[in-house]
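Participant: There's a structure below that I have some questions on.
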Amino acid sequence: MNRRLLLLPVVCAATLMLVAGPHVAVPQAQARATGTISGHVRLTGPAPANSAIRMGADPLCSRANAGKRPAQEVVLRSADGGLANAFVDLQGTFPQTPVPTSQVTIDQHGCMFVPRVIGIRAGQTLKITNSDPTAHNLHSVSAKGNEFNVSQPKTGMTSTFTVKSAELLRIKCDMHSWMVSYVGVSPHPYFAVSGSDGTFQIANVPPGHHTIQVWHERYGRLTAAVDVKAGATATADFSYTGKEQPSTAGIRDLQVPGEGWAVTLLAKR
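In C-alpha cells, the structure reads:
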C-alpha cells in the first residue's frame, strides 16, 4: 500500500484537531505603560489687586452683577500662594493619539467668559454659549489660523469652532472690552490648567525626560525639566516671584477698563 495513503488519515486528523480544538487567544501587544505629572504653580510675591470692571455702559451687565463688585480675575492667589488659571503643557513631539470627540465649553455668563483659561486639543471642537440677557461677540486673536469673529445677540445662542492649530488663543468680546478668555490649544493631550489652589495633574504621560512649560497671562512663561517613569508620579513645581515682565505673557492689545490705561503686548511667534 502506498505510504502516502497511510499517512493521509493521520494528517487529516491532526488538521481537524487544530481547527476544531480549543481557541487559544493570541496575546496582543500591551499598551505602553505611562506615568503622571503632578505639580503646583505658586506666586511667592504679593498678589496685586485685580482691576475693578465698570459695566455701566451696558445696563443689562450691571443688572446681572447687582450687589457684586466684578473684577478682572487676572491674579487669583490662594492663601498658601497657589496661582490659579495657569496653562501647563509638555513641549516637544509625541506619538499621535485620537482627538477627543467631546466638546470643550466656555460660557458667556455675568458678562464674563467662564472659565477664563482652558485647554483644548488641536482638532477638537470649542463650544461657546451666551447665557446672558444681552448681546455678545466672539472674536479670536490668533496667529495660527484659528480666527473667528461672530455675534451672539440672543440668550442661549451657541457657536462651535474646530480649533485647527496649536497656539495660545485669546478670545474677546468686542461689545464688552473687559471680557477675555484664553484657550491653550495643544497638539497632544499632555496639558492642564492649575486649579484654585494652584495644583495641576497630567496623566498618561509617556515615560522619559520631558520639558514642561507653564504660562500665566500676567507673569508669562516658565519651563522646567521632569523625568517620568512608568507607573509613577513625577513632580513639577513652578514659582513666580511677581517681578516677571508682562511682555512675556504672549497676549496682544489688552484693554483694561476702569484704570484709564492700556497695555499693548506682542504675542510670541
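Just so we're on the same page, this note's numbering is the position in the sequence shown counted from 1, plus 8.
In this text, a Cβ means the ideal position worked out from N, Cα and C, and glycines have one as well.
Which runs of the beta strand (DSSP E) fall wholly inside the segment 97-138 and span at least 3 residues, in chain order?
Facilitator: The segment 97-138 contains these whole beta strand (DSSP E) runs: 111-117, 120-122, 125-129 and 133-138.
Participant: Express the C-alpha separation of residue 122 and residue 189 in angstroms, rounding to a whole number.
Facilitator: Cα-Cα distance, rounded: 8 Å.
Participant: How far does the beta strand (DSSP E) with residue 176 in it extend, from its first residue to its last?
Facilitator: Taken as a continuous stretch (DSSP letters only), the beta strand (DSSP E) holding residue 176 covers 175-181.
Participant: Once you ignore the five residues that flank residue 213 on each side, which residues in its own chain have a CB closer than 6 Å to its CB?
Facilitator: Same-chain partners within the cutoff: 42, 43, 45, 198 and 236.
Participant: If you run the structure through DSSP and keep just helix, strand and coil, what is residue 75?
Facilitator: Reduced to three states, the DSSP call for residue 75 is coil.
Participant: Quick one: grab the DSSP three-state call for residue 68.
Facilitator: Reduced to three states, the DSSP call for residue 68 is helix.
Participant: Considering Cα atoms alone, identify which of 148, 164, 53 and 163 is closest to residue 287.
Facilitator: Because the chain here runs from 9 to 277, residue 287 falls outside it and cannot be looked at.
Participant: Is residue 205 helix, strand or coil by DSSP?
Facilitator: Residue 205: coil per DSSP, three-state reduction.
Participant: Could you tell me which of 247, 57 and 242 sits nearest to residue 331, measuring between CA atoms?
Facilitator: Only positions 9 to 277 of the chain appear in this structure, which leaves residue 331 out of reach.
Participant: List the residues that DSSP assigns as beta-bridge partners of residue 247.
Facilitator: Residue 247 is bridged to 50.
Participant: Below 8 Å on the Cβ atoms is my contact criterion, and I expect residue 49 with residue 222 to pass it. Report the Cβ-Cβ distance as a whole number of Å.
Facilitator: Residue 49 to residue 222, Cβ: 6 Å. Contact.
Participant: Do residue 99 and residue 219 have their beta-carbon atoms positioned less than 8 Å apart in this structure?
Facilitator: Yes, Cβ-Cβ distance for residue 219 and residue 99 is below 8 Å.
Participant: With DSSP collapsed to three states, give me the class of residue 212.
Facilitator: Three-state DSSP puts residue 212 in a strand.
Participant: Can you have a look at residue 225 and say buried or exposed, based on whether 16 or more other CB atoms are within 10 angstroms of its CB?
Facilitator: Buried, because 16 or more other Cβ atoms sit within 10 Å of the Cβ of residue 225.
Participant: Taking the alpha-carbon positions, what's the residue 171 to residue 55 distance?
Facilitator: Using only the alpha carbons, I get a separation of about 33 Å.
Participant: Whole angstroms are fine: how far does the CA of residue 129 sit from the CA of residue 158?
Facilitator: Looking at the two C-alpha atoms, the distance is approximately 22 Å.
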